[in-house]
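Heads up, the thing below is written out as structure tokens.
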Amino acid sequence: MKLKGIRWSHQFTLLLLIAVAFLVSVHMSRHFLDPAYLLTATTNFVETGLMALAMTFVILLGEIDLSVASNLALTAALSGVLWAHFGWPLPVACMVGLVVSAVAGLANGLLVTRLKLPSLTVTLGSMALLRGAAQVLIGNQSITGFPDWFAGVDQRVVGPFPAITLLLLVAAVAWWAVLTRTIRGRMTQATGANRAAARLSGISVEAITVRVFMVSGLMAGFCGLIMMSRVGAARWDMAQGRELDVITAVVLGGTDIAGGEASIPGTMLALILIAVMRTGMGLAEINPETQHVAVGILLAASIAIPNLLRMRNGQKAQPAK
Amino acid sequence: MQAFGDLLRKLVRSRESGVLAFLLLAFAVAAVLAPRFYSLQNLRNLLLDTPLVVTVGMGMTAVIVCRQIDLSVGSIVAVSGMVVGELYRAHPGLPTPVAMAAGVAVGVLLGMGNALLVTYLKVPSIITTLGTMSIYRGLAFVIGHGNQINPNDLPARLVSLSITSPIGVPFLALFALLIFVATHIFLSRSRWGRAVYATGGNPDAARLSGLSTNGIIAGSFITCGALAGLAGIMYASRFGFVNPAQTGTGFELQVIAATVIGGTQVTGGSGTAVGTLLGCILLAAIVNILTVAHLSGRWQLAAYGAIILVAIVADSAGRRQRVTVAA
Amino acid sequence: MSLNRMVIAAAAAAAMTAFLWGCKPKTTAVTVAAPVTGTVRVCYIPKNTGNPYFDAVNNGFTQASSALHFKYTEQAPATADATDQIPIIQQQVQDGVNVIAISPNSPEALDPAIRAAEQHGVRVITIDADLTGSEQLRSACVLPTDFNKLGASQIELIGSLMGYTGDFAILSATTDAPNQNAWIAGMKVALKLPKYAGMHLVEIAYGNDDPQKSLLEAQSLMTKYPHLKGILSPTTVGIAAAAQAVETGGAAGKVQVTGLGTPNQMRRFVLDGTVKKFALWDPAQMGYTAGYLAYGLARGTIHPAAGVSFTAGTEGIRVFGTNNVISNGPLMVFNKSNIGQYHF
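Residue numbers (our numbering), protein chains in the order written: chain P, 2 to 322; chain Z, 218 to 544; chain W, 1098 to 1441.
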């Protein structure tokens, strides 16, 4: 019960921070408070958000996936090359891209479970390998000229809402339901909390880990297609460094980096907080370096300050793992 | 002959045998693909391409052995380089040792920031250094007001460190060698070194046996920061400029990759300075061979990734075999 | 995973995709850019931050803005990544600027964002590089110099340093950089002239405009070709790295380095004799011209079309060529005697 209390308060803190960031943004730029613009601006964060949902499960298990942004680039590059250079129909090319992204995730999962390798090193390697493969495929070229039905997915709307933003919300609800309402989700939680106990109680820890990595890969691939459509181009260097944004959103959302505790609403709130800060600061013409610094401070403070308060209250801080 | 056989057996059984085998393989491939690899000039290039990664790799080895990680080293290199560059701008006559001391001091301070967050505020190191990676990078911009340090701002005697020394080998390589030897002795021969392994291998047991695990973890972060600070001035010497955005970007991954390839386990408790040194040389050699063999542009990153994966898989297979032999 | 679950997962994925790509695109009311009567606001988006070359362009803009009294800001992405420029364009449009001047990192990836900006009544001009293939999206383009002549003049530069005989190599940026490739094509044409018959281009290396990679490439060129007499690098990152490689390799005087570079980056190499001479246009002048162009577009006093001209302050007359491209100024050659006068 106590744990639950902490988690609630963390989300409450995030909500408060969002409110503060929002008010400060309104104060800093008179152009911020424009629903149409804010809705458009959300589309820039959809890929990060979708990958963060999948990453929440990965981190829940005490693992990490550094290869997501590279997987995104490879999927886009491969689909683009099959379509542009080999003349495959675009839907088929995209399907193949998705399959490859899932296989890459599966490979990560198998290396982690079968060979008992730490996911940090495995995905460090696949991060370089997958992006490198994208570079081998298209070099420094851009693949462009997609048909109208495919391009500009961020421009599609349902009423006033961008379709991809709605998709992110639906996906978040689905993810939350899977995590908290299904046996599989509970089993994943149990595995993250105590691997040995989960194994003793008959849960196939390996199967769950493999599946979570595969879903992370597939999600990254799907984001590759979204990004390819959104910017109208496939390049090997797409979303470089984005894995750090994704991990930041998950950890800021209250998921324990050591595993065992995860919160989908937390991840989404953290994403909204980052989005409001970035958009507001951008409109106020604060340069990107300073935006990075602000998010970095927020990330460290989000864990340091609660620990400090706990210490003040004479409780023991959670040890660094 | 007997002694040689023993040495050989010891070598094959050692943790570093895997990476050594890869290194020999790479050299053999180079002989076929790019014979020019063996020209004196190219070997000298190799000698200049490794010192930065080796220097920071030694600190990273200590950090990873402690079961921690430091993602902020690339940003520390940039901050230290910018500080040293600004110092030279203000005082062109600054003696080199003073500039080096300033770079190291910057690194110590930033390393202390990491250490404080990790040990006192109990923020896991991956999150701490993910955050400080951004914060320190921002600092690099603030120091130079977003401007880069141009070759003109750096004195010729700093650049000459990358050219030669009284014994013919560039000073940069000598620094790295010195740091490697010191780290090797420290980790394998000193009481403190054993404490580092104990802290990473089993923190609870280490604490119960009276070791200050927090002190050791803090020490490893400060050392890693100091070495990254030194690498900042080495960067300025080697590349002749410092740019707040470009300097050190992605460097942390190179260093971690070299350390991991060298057999250091991210789960803590094991890893050696020798292994990391070999890992650094292997990565530099591969980049160099690909460049000399005209395969530079497109294939480099993929080759890098493949090597990391193959090396860790081979290492884990080797480890299991060693366990079987022991049992 | 059982077959059943796979079917469900596939169906969910298909439904998701159908939903996404099935929605109608939003219809945007197109605002036609009308002449601005109040204060004109201009924003410049360079390729990346902390780049001395774009700092110089920024200085030119600042000069123009104080001469013409328009409000000017610069917003630079942290990395030279095309997708990083997209949110900045959107933010500037929302912020109500009249003209966006941009040095595009990748032409194609910016097309949708630039189209949206134009639909909101914001004029877009490109500087230093163009939206090759989608020129209709921007009002005009300011290129630093006549790119058609650049290749030939670079060959003359390296040729004069090597005595028109021997092996030389080119150190370029990336294999697919449009400007670089156009210039290299020009160089190859020039090399066919009898004057350059004794010169032999041994390799074109690519340093990806990354200092470390460029340095490695320059080193390896000297390793691979022991008789190399020159490295020609038509990119500011490459030429500085090549000079550094020659200096640390102790090959000054043996291997000539030249190409395009900024005086501030090259000063030490010129003064210590590693580099005898190199060329560049004046990036500040280009920013200055772009500032006048942006202001004129916003006020409705400049209507770009081939052959149309306007006066760019103290710099004089500028004429639009095909595709509304302005070739701003001549190449300048810097050497020991004149480099002291230039600070960019």
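Where is the CB? At the ideal position from N, CA and C, for every residue including glycine.
Since the structure is predicted, the reported quantities are computational estimates derived from the model, not experimental observations.
CB of F1431(W) within 8 Å of CB of F1375(W), strictly = yes
Alpha carbon to alpha carbon, what distance is there between V296(Z) and A390(Z)?
-> 22 Å
Evaluate the contact criterion for the stretch 1254-1270 of chain W versus the stretch 1226-1242 of chain W: three or more CB pairs, one atom per stretch, below 8 Å.
-> no
Counting contacts by CB-CB distance shorter than 8 Å, is A519(Z) in contact with chain P?
-> yes
Under a Cβ-count criterion, where at least 16 other Cβ atoms within 10 Å of its own Cβ denotes burial, should G276(Z) be classed as buried or exposed?
-> buried
Pick out the complete beta strand (DSSP E) segments inside the stretch 1099-1149 of chain W, 3 residues or longer, and give them in chain order.
-> 1138-1142
Span separating the alpha-carbon of T280(P) from that of E286(P) = 10 Å
Classify L91(P) as helix, strand or coil using the three-state DSSP reduction.
-> helix
Taking the alpha-carbon positions, what's the D35(P) to G153(P) distance?
-> 22 Å
Leaving out the 5 sequence neighbours to the left and right, which residues in its chain are closer than 6 Å to K322(P) when beta-carbon positions are compared?
-> Note that K322(P) scores a pLDDT of 41, beneath 50, so its modelled location is shaky and nothing firm can be said.
Is the CB-CB distance between G302(Z) and G133(P) below 8 Å?
-> no
For I352(Z), return the contacting residues in chain P, with the cut-off set at a CB-CB distance below 7 Å.
-> V294, G297 and I298
Test: H32(P) CB closer than 8 Å to a CB of chain W | yes
6 Å CB neighbourhood of M350(Z) in its chain, flanking five on each side removed | L288, S289 and S292
Separation of L1117(W) from A544(Z), as counted between CA atoms = Only weak support exists for where A544(Z) lies, its pLDDT of 44 falling under 50; the value from the coordinates is given anyway. The straight-line gap from Cα to Cα measures roughly 58 Å.
Closest residue to N1276(W) among I1199(W), S1236(W) and D1225(W) (Cα-Cα distance) = D1225(W)
Under 8 Å between beta-carbons, which chain Z residues line up against L1321(W)? List them in chain order, please.
-> First, the residue type needs correcting, since residue 1321(W) is Lys and not Leu in the sequence shown. Here the neighbours are R253 and V509.
Counting contacts by CB-CB distance shorter than 8 Å, is G1384(W) in contact with chain Z?
-> no
Against chain W: residues of the stretch 143-162 of chain P by CB proximity under 9 Å | S143, I144, T145, G146, D149, W150, F151, A152, G153, V154, D155, Q156, R157, V158, V159 and P161
Pairwise C-alpha distance: I433(Z) and P320(P) | The pLDDT assigned to P320(P) is 48, lower than 50, so where the model puts this residue is not dependable; a value taken from the coordinates is nonetheless given after this. One C-alpha to the other measures close to 15 Å.
For the stretch 1217-1266 of chain W, list the alpha helix (DSSP H) runs that are entirely contained and at least 4 residues long, ordered along the chain.
-> 1244-1259
Select from the stretch 320-351 of chain Z all residues with a C-beta closer than 8 Å to any C-beta belonging to chain P, and list them in chain order.
-> L334, V335, T336, L338, K339, V340, P341, S342, I343, I344, T345, L347, G348, T349, M350 and S351
Would you mind telling me which residues of chain Z sit closer than 8 Å to S127(P), beta carbon to beta carbon, in chain order?
-> G522 and L526
Cα-Cα separation between G140(P) and T1272(W), rounded to whole angstroms | 8 Å
Scan the stretch 1370-1400 of chain W and note each continuous beta strand (DSSP E) run of 3 residues or more that stays entirely inside, going in chain order.
-> 1374-1377
Quick one: is Q1438(W) buried, meaning 16 or more other Cβ sit within 10 Å of its Cβ, or exposed?
-> exposed
Quick one, which of A94(P), T268(P), P92(P) and V69(P) has its alpha-carbon nearest L121(P)'s?
-> V69(P)
Return helix, strand or coil for R31(P), following the three-state DSSP convention.
-> coil
From the beta carbon of P289(P), is the nearest beta carbon of chain W less than 8 Å away?
-> yes
Are L338(Z) and L310(P) closer than 8 Å when you measure CB to CB?
-> no
Euclidean distance between Cα positions of A271(P) and T166(P) | 16 Å
List the residues of chain W whose Cβ lies closer than 7 Å to the Cβ of D238(P), in chain order.
-> D1178
Below 8 Å CB to CB, which residues in the same chain sit around I360(Z) once its five sequence neighbours on both sides are set aside?
-> V296, M299, V300, E303 and P461
If you count every other CB in all the chains shown that lies within 10 Å of the CB of Y1293(W), and 16 or more means buried, which is it?
-> buried
Contact check, L1325(W) vs A1282(W), beta carbons under 8 Å | no
Does A244(P) come within less than 8 Å of chain W when only Cβ atoms are used?
-> One point to set straight first is that residue 244(P) is Glu, not Ala, in the sequence displayed. Closer than 8 Å: no.
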